[in-house]
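First up is the structure itself, then whatever we jot down about it.
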Amino acid sequence: MAKKARMIVDRAFQISQIDDRIYGSFIEHLGRAVYDGIYQPGHPLSNSDGFRTDVIELVKELNVPIVRYPGGNFVSNFFWEDSVGPVDQRPHRLELAWRSLEKNEVGLHEFSKWAKAANSDVMMALNLGTRGIADACNLLEYCNHPGGTKYSDLRISHGQKEPYGFKTWCLGNEMDGPWQLGHKTADEYGRLAEETAKAMKLIDPTIEFVACGSSNRQMPTYAEWEDKVLSHTYDYVDYLSLHTYYGNRSGDSNEFLAKSDDMDYFIREIIATCDYVKAKKRSKKNMYLSFDEWNVWYHSNAADDDITENHPWQVAPPMLEDIYNFEDALLVGLMLIVLLRHSDRVKVACLAQLVNVIAPIMTDANGGGAWKQTIFYPFMHASKYGRGVALMPVVDTPRHDTKEHGDITDVESIAVYNEEKGEVTVFAVNRNLKEDVVLTTDVRSFEGYKLAEHIVLEHEDLKAENSFGNEKVAPKSTDQTTMDDGILTSMLHKASWNVIRLVKE
Numbered sequence: 143m144a145k146k147a148r149m150i151v152d153r154a155f156q157i158s159q160i161d162d163r164i165y166g167s168f169i170e171h172l173g174r175a176v177y178d179g180i181y182q183p184g185h186p187l188s189n190s191d192g193f194r195t196d197v198i199e200l201v202k203e204l205n206v207p208i209v210r211y212p213g214g215n216f217v218s219n220f221f222w223e224d225s226v227g228p229v230d231q232r233p234h235r236l237e238l239a240w241r242s243l244e245k246n247e248v249g250l251h252e253f254s255k256w257a258k259a260a261n262s263d264v265m266m267a268l269n270l271g272t273r274g275i276a277d278a279c280n281l282l283e284y285c286n287h288p289g290g291t292k293y294s295d296l297r298i299s300h301g302q303k304e305p306y307g308f309k310t311w312c313l314g315n316e317m318d319g320p321w322q323l324g325h326k327t328a329d330e331y332g333r334l335a336e337e338t339a340k341a342m343k344l345i346d347p348t349i350e351f352v353a354c355g356s357s358n359r360q361m362p363t364y365a366e367w368e369d370k371v372l373s374h375t376y377d378y379v380d381y382l383s384l385h386t387y388y389g390n391r392s393g394d395s396n397e398f399l400a401k402s403d404d405m406d407y408f409i410r411e412i413i414a415t416c417d418y419v420k421a422k423k424r425s426k427k428n429m430y431l432s433f434d435e436w437n438v439w440y441h442s443n444a445a446d447d448d449i450t451e452n453h454p455w456q457v458a459p460p461m462l463e464d465i466y467n468f469e470d471a472l473l474v475g476l477m478l479i480v481l482l483r484h485s486d487r488v489k490v491a492c493l494a495q496l497v498n499v500i501a502p503i504m505t506d507a508n509g510g511g512a513w514k515q516t517i518f519y520p521f522m523h524a525s526k527y528g529r530g531v532a533l534m535p536v537v538d539t540p541r542h543d544t545k546e547h548g549d550i551t552d553v554e555s556i557a558v559y560n561e562e563k564g565e566v567t568v569f570a571v572n573r574n575l576k577e578d579v580v581l582t583t584d585v586r587s588f589e590g591y592k593l594a595e596h597i598v599l600e601h602e603d604l605k606a607e608n609s610f611g612n613e614k615v616a617p618k619s620t621d622q623t624t625m626d627d628g629i630l631t632s633m634l635h636k637a638s639w640n641v642i643r644l645v646k647e
């Protein structure tokens, strides 16, 4: 007999308008993300610019509004001048973050062109590792100033008359990490970020800044880093970054699906720290969050170590190519629910990454086509149906035990109301691996709405994977939900991702 859960979804229980950029992603010059990923001249599906049109179409299907570029660790030794101008005159460089050879065939102009083709904006990252204020200002002048100056005229001479107009800028990457080139203390980074932001605002007052938060919740300087960095930058930046990745090295799937709770704690703790600095400064300004790296990542690390340590300086070697399974898709769905639950403060988020490198989209390494990983689907559903106002559901759910996280909920859920489109969508994961749950949902506040569909992603094998030409894990429509007098009754099968949609009659 199935367990039972109850939920109320009311249009008055509003969390926030969801910023579309919460469905952002990330492309770094790493592995096959750029070369043999988005860019592959000579491939039968590449356009005249060398970009894979099949990949562009899949990115459009995900409806990614913003892409963080060019890193990541790569950015902390990025010389932007190498990536502009005639391609045949660009230097080749030893890329120190991933110990690869960077030929600079794809640079600022090319990536901006690709992003436009994919209907995305660019979230530009700055090198505050091995470079500093002047270089950041020069890059901004090149990208955003109309003309009549050294670097804007240089852009024009390179064939780009109109400014790129990049609006969101990351002030470095993971500067708290000892692995980062140019790693800094919190005070060193805070001062540099503050002065860089101040200088860049003089060039373009319309841009927004993301300051580096902790690289993960386990960093030894966690929270203290945020306090010190924001104490310097609070008045000059708009967002603080968060990064996290989860894996299942122990093989305990029950514990693995509880890790979205860690993400929730992480966000709550960082909000508290931001508000502490706000109070210290007697500020009226809220600091918003950019969760600009998040995903499952653990399948591929051993092979990557061999490439970087024993076979360095290759061009676009295959690295971080996690092949995701069904339980990974469930956790990605759970993490999306957490992000939407905090949409009042999380305004930007980037699934890391987009193509080939810990990615929802893969290209066949032998020159074949592109294909969808298991994690493609929950992200696609959320991006497609999760735009509007996030509603906080009142949920009464059964629970189950885990070793590390204790007693956790069976059902995790969020609802989104799009008044303009006349749609209400409930996203729900049953993370109980053994028992189905019958979910009864009161949606009577949405009078005049009818059930449109119930989409489910499920598989009897938690370790089932997709591959090129063999998609084992894919969503399907189901009749598992009925509606009567404003009450939905839904069967949430064990270990399932569910999208329940209502539309206005």
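Everything in the sequence shown is counted per the numbering used here, starting at 143 for the first residue and increasing by one. By construction, the Cβ of each residue, glycine as well, lies at the ideal position given by its N, Cα and C atoms.
- The alpha carbon of ALA328 has as its nearest neighbour, out of TRP311, ALA339, MET342 and ALA353, the alpha carbon of ALA353.
- For LYS202, no beta strand (DSSP E) encloses it; the enclosing alpha helix (DSSP H) starts and ends at 195–204.
- With three or more CB-CB distances shorter than 8 Å, the stretch 631–640 counts as touching the stretch 569–577.
- Taken in chain order, the unbroken stretches of beta strand (DSSP E) that lie wholly in the stretch 493–528 and span 3 residues or more are 503–505 and 512–514.
- Look at the beta carbons and you see the stretch 201–216 touching the stretch 167–176: at least three pairs across the two are nearer than 8 Å.
- Note that the stretch 530–537 does not touch the stretch 200–210; fewer than 3 beta-carbon pairs, one per stretch, sit closer than 8 Å.
- Closest option to GLN322, judged by alpha-carbon separation, among ASP224, SER357 and PHE408: SER357.
- Taking a 10 Å sphere around the C-beta of GLU237, we find 16 or more other C-beta atoms and assign the residue as buried.
- Looking at ASP277, GLU411 and SER188, the one whose alpha-carbon comes closest to that of GLY511 is SER188.
- Looking at the DSSP output, GLN322 shares a beta bridge with no other residue.
- Assigned with DSSP and collapsed to three states, CYS416 falls in helix.
- If you draw a 10 Å sphere on the C-beta of ASN396, you find 16 or more other C-beta atoms in it, and that means buried.
- Rounded to whole angstroms, LEU644 and LEU575 show a C-alpha spacing of 27 Å.
- Under DSSP, LEU382 takes part in a beta bridge, and its partners are ALA353 and LEU431.
- Boundaries around SER299 are those of the alpha helix (DSSP H), 292–299, since no beta strand (DSSP E) includes it.
- Around the beta carbon of THR539, 16 or more other beta carbons sit within 10 angstroms, so the residue counts as buried.
- Segment contact: the stretch 463–471 against the stretch 546–566, fewer than three CB-CB distances shorter than 8 Å; contact not assigned.
- Annotated three-state conformation of ASN560 is strand, per DSSP.
- Here DSSP, grouped into helix, strand and coil, assigns GLN231 to helix.
- For GLN302 and LEU281, the gap between their C-alpha atoms comes out near 14 Å.
- In this structure TYR284 does not touch VAL457 by the C-beta definition: roughly 26 Å separates them, more than the 8 Å allowed.
- The beta carbon of ASP346 is closer than 7 Å to those of LEU282 and ASN286 in its chain, skipping five residues each way along the sequence.
- The shortest CA-to-CA distance from MET522 to any of PHE193, GLN156, ILE157 and LEU200 is the one to LEU200.
- Counted as a single uninterrupted DSSP element, the beta strand (DSSP E) harbouring ASP549 occupies residues 548–551.
- Nearest neighbour of ILE479 by Cα position, chosen from TRP439, GLU554, GLN515 and HIS542, turns out to be GLU554.
- Between the stretch 584–593 and the stretch 605–615, the count of Cβ pairs shorter than 8 Å is below three; the stretches do not touch.
- Less than 9 Å separates the beta-carbon of PHE221 from that of ARG273.
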